[in-house]
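Below: one structure, written as structure tokens.
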Amino acid sequence: MAVMLAGMGVSRGISIGPVYVLHRNQPEIIERSIEKKQLSKEVRRFKTAHSLARKQLLKVKEGIPEDSPEDISAFIETHLLMLDDSMLANTPVDMIKQHHCNAEWALKMQRDAIVKVFESMDDPYIATRRDDVNHVFNHVMQALIRGKSRDEDEVQNWKDHIIVADDLTPADTVLMQNNGVAGFVTEMGGPLSHTAILARSLNIPAVVGLTDARRYLKPGESLVLDGANGMVLADTDDNVIDHFRKRQRDLRRKARELVKLTDAKSRAKSGEKITLLANIEIEDDLKALRKVNAAGVGLYRTEFLYMSRDDIPDEDEHYKTYMRVARALRGAPLTIRTVDLGADKEVETVETGPLAHNPAMGLRGIRLCLNDPSIIVPQLRAILRASAKAPIKIMFPMLTTVNELQQAIQLLQATKQSLLNDKIKFDEKIAVGGMIEVPAAAISANHFAKHLDFLSIGTNDLIQYTLAIDRIDDQVNYLYDPLNSAVLTLIKMVIDAGNKQKIPVTMCGEMAGNTEYTRLLLGLGLREFSMPPNSVLEIKNVLRTTNIASIRRKALSFLHFSDRNKQAEMLAKLNS
Ligand code: PEP
Ligand code: MG
């Protein structure tokens, strides 16, 4: 009998294939006491397992294809660092010697203790990193129990299968790419887990958070997985499979069709010019941007310059990076967001203060920089210097009050003066924009607009703060809803404020790159969209078939509905 299960779709695409269940549940670990004269043998057992786990992770790292996204090796690197940390390399040895216990028990005790510390932290991002701790400990545990951390032959059998597992490590995800896996389903995880991020980078259709998946899905049975809506369908008949094969073919054909739009004009069917920009995080993203011919960068998230290192970038490093990015853009505009550290973008090298309870509401973004201008001044100098040679704009994140904006502008003025004193050139008319991502700023967007050259709506944070849901807490993900009329009302207020002041309004949150909302946003008056590069052609495709005048009324009517089902119906009509 056909079974339909629903999880969270985190990586789009349809895959069809037989189930491969990964059973990695470990046998119950029991404490055994070890005689004194056997202790050094037990320590040796642990050390051999530890070095085996290390070798196998290194092997996975070496096997990462050169053209893979950089975050893949970064994840494996993090696991290697954890493995070498004294808490995992030495403490279990001390425990074996001290408690005369078996290596498995020492490892388990140490893992439980560390996981508990992670779980007790209020910060949900840190709490989710306990998964990494578990993954790394499990590599060693497997090596202890089975004499190897992974069954090499098993991996070969993954080809064309849909993997069903409790959880997958970044190392597993790399192996899946190398071994032609069709898709995967996990019982744990959320859209921001490392595994989900990797699945999207590697284009592997994936569904996560499907509780008890291994209980319902049987090895070998044929499975259909739809990574867009989180649905999996097991043991279904040939007609249904044929239907999904057809959809799969359609999707592939559509992807090929979209490529043809690369050089097509970005205009609505009714003629309005729409600007499609890309969000970038690392320089590598520029390749994807060029591939889709985006009109420039609408959001450069510079926090990534601060990550995975033990010092902070100085003015020259900022400058050189911006110049490289600007040169690669060959005259297209580059909007550099000043550093938005704190909350979900924490780095060890910049102190964000002791307030750990609610970091999303704490010292982050522009607040952090105004609190300690030494964080932002070298960056402002570098942006200004680069502006002498390329069309660069500055954008301040997380503005809440106009007073804060005025302080940021004063700081920029003072930095300009310091460059003038040093006889260094810059664009004196450099455009200055503000991210509108706090409800207070959206409500008073007309005041902000008077001091700025452009506004950019950050829906990721705007939705989080409007609906009071932490964007990285999977327990409240179900409340995340761009269609909520409060959210749409705020978006409309920002668009109107920009129009009234005759300054451009861009949207750079994830909502801008989701085709479901393109018509709605066009109808609300949005004309500039900035998004992950791989969404640009899909959005272009939608706007080229949209007659804006004829959908305006329908789009505006969304502001007056709060019934989610009714809205879904209205959206389907709008998009049909
Ligand atoms: C946003 O909040 O929508 C945004 C684009 O910024 P970030 O996701 O970097 O916070
Ligand atoms: Mg934001």
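Sequential numbering from 124 applies to the sequence shown in the numbering used here.
The beta carbon of each residue, even a glycine, is placed where N, CA and C say it ideally should be.
In this text the structure is predicted, and so the values were computed from the model without any measurement.
Contact check between the region 295-312 and the region 200-220: fewer than three CB pairs, one atom from each, fall below 8 Å, which does not count as touching. With contacts defined by Cβ atoms closer than 9 Å, Gly-557 and Leu-613 do not form a contacting pair.
For Ile-674, the secondary structure class from DSSP, reduced to helix, strand or coil, is helix. Taking one beta carbon from each stretch, the region 213-231 and the region 334-353 have fewer than 3 pairs nearer than 8 Å; the two do not touch. Ile-153 and Val-331 have their alpha carbons spaced roughly 31 Å apart. In this structure the region 367-377 does not lie against the region 616-635, because fewer than three pairs of beta carbons, one per stretch, are closer than 8 Å. Contact between Glu-661 and Asn-698 is absent: CB atoms are separated by about 12 Å, not below the 8 Å threshold.
The continuous alpha helix (DSSP H) containing Glu-527 extends over residues 525-544. At a cut-off of 8 Å, the beta-carbon of Pro-562 does not count as near the ligand MG: no heavy atom of the ligand is closer than that.
Ser-138 and Ala-305 have their alpha carbons spaced roughly 6 Å apart.
By alpha-carbon distance to Ala-678, the top candidate from Ala-620, Gly-621, Lys-615 is Lys-615. Short note on Glu-633: C-beta closer than 8 Å to some heavy atom of the ligand PEP.
Leu-534 and Gly-636 have their C-alpha atoms roughly 33 Å apart. A straight line joining the alpha-carbon of Gly-130 with that of Gly-353 spans about 5 Å. The residue from Val-462, Leu-175, Leu-399, Arg-432 with its alpha-carbon nearest to that of Val-420 is Leu-399. In the DSSP assignment, Asn-402 is bridged to Leu-422. DSSP places Arg-594 in no beta strand (DSSP E); its state is neither H nor E.
Counted as a single uninterrupted DSSP element, the stretch harbouring Val-473 is not any beta strand (DSSP E), since DSSP gives it neither H nor E. Relative to the ligand PEP, the beta carbon of Gly-313 is positioned no closer than 8 Å to any heavy atom.
Every alpha helix (DSSP H) stretch that sits fully inside the region 623-666 and reaches 4 residues is listed by chain position as 641-647, 659-666. Judged by DSSP secondary structure, Pro-141 falls within the beta strand (DSSP E) whose first and last residues are 137-145.
Bounds of the alpha helix (DSSP H) holding Val-183 are 162-185. Shown here for Gln-530: same chain residues with a beta carbon closer than 7 Å to its own, the five before and five after excluded, namely Leu-493 in chain order.
Within the model, the alpha-carbon separation for Asp-434 versus Gly-488 is close to 19 Å. Taking all protein chains in view, the Cβ of Ile-547 is surrounded by fewer than 16 other Cβ atoms within 10 Å, so the residue is classified as exposed.
Linking Thr-538 to Arg-504 through their CA atoms gives a straight-line distance of about 6 Å. Non-local beta-carbon contacts of His-284 in its own chain, meaning distances under 8 Å to residues more than five positions away in sequence, involve Gly-140, Pro-141, Val-142, Tyr-143, Val-304, Ala-305 in chain order.
Taking the Cβ of Met-558 as the reference point, at least one heavy atom of the ligand PEP falls within a distance shorter than 8 Å. As DSSP reads the structure, Asp-349 sits in a beta bridge with Ile-137, Met-354.
Remark: fewer than three beta-carbon pairs, one from each stretch, lie closer than 8 Å, so the region 663-679 and the region 581-601 are not flagged as touching. Asp-360 has its alpha-carbon roughly 39 Å from the corresponding atom of Arg-269. Cα atoms of Ala-417 and Arg-453: separation of roughly 12 Å, rounded to the nearest angstrom. The beta carbons of Thr-582 and Val-610 sit closer together than 9 Å. Relative to the ligand MG, the beta carbon of Asn-544 is positioned no closer than 8 Å to any heavy atom. Going by beta carbons, Val-617 and Thr-641 fall outside the 9 Å limit.
With respect to the 9 Å criterion, Tyr-603 and Ile-580 are not classified as neighbours on the basis of their beta carbons.
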